[in-house]
Amino acid sequence: MERPAFRKPKLHFDTADHPSHVTFDDGKAQRRNVPWSHYVETRWDYGEPDVLKVEIGDWQVVIRGHNLAPLFLAIEEHALARLRAQPDLEQDREHEADTFAVEIRFVKPPAVDAATKRRGQIEFDLGR
């Protein structure tokens, strides 16, 4: 019986010190480059441990992947420079410890009426 070779997990994304932009590549049809200055938030729901939802610019970037904690940290620190979907890694046991995106989708968030919702503010009805 052959022993598995232990190796350091690989991060299948690029980081840089204070990049001004981040590029998301779905590996199929589109590559988008968005300035970090347009970053709003990243959501990582406990019920979906293999999905990150990044709101940046006019897009919600939905990233489905494997071992996403290092990727979340790179986004949190605004250090992510490039991420490309690599679905072929999902079936290869050699990459079980690695961090990678399997699928990247670009979704337009629903339009929000600016008069009824302001980011970062909660409005209370004070009965005026």
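Residue numbers for the sequence shown follow my numbering, beginning at 123 and rising by one.
Quick reminder that beta carbons are idealized off the backbone N, C-alpha and C, glycines included.
query                                                                                                   : result
Residues near residue 201 by beta carbon distance below 6 angstroms, same chain, minus five either side : 137
Under the three-state DSSP convention, the category residue 177 falls into                              : strand
Test item: CB-CB of residue 133 and residue 166 under 8 angstroms                                       : no
Cβ pair residue 226, residue 146 closer than 8 angstroms                                                : yes
Buried or exposed by the 16-neighbour rule on C-beta atoms within 10 Å, applied to residue 162          : exposed
Beta-carbon spacing of residue 184, residue 173 below 8 angstroms                                       : yes
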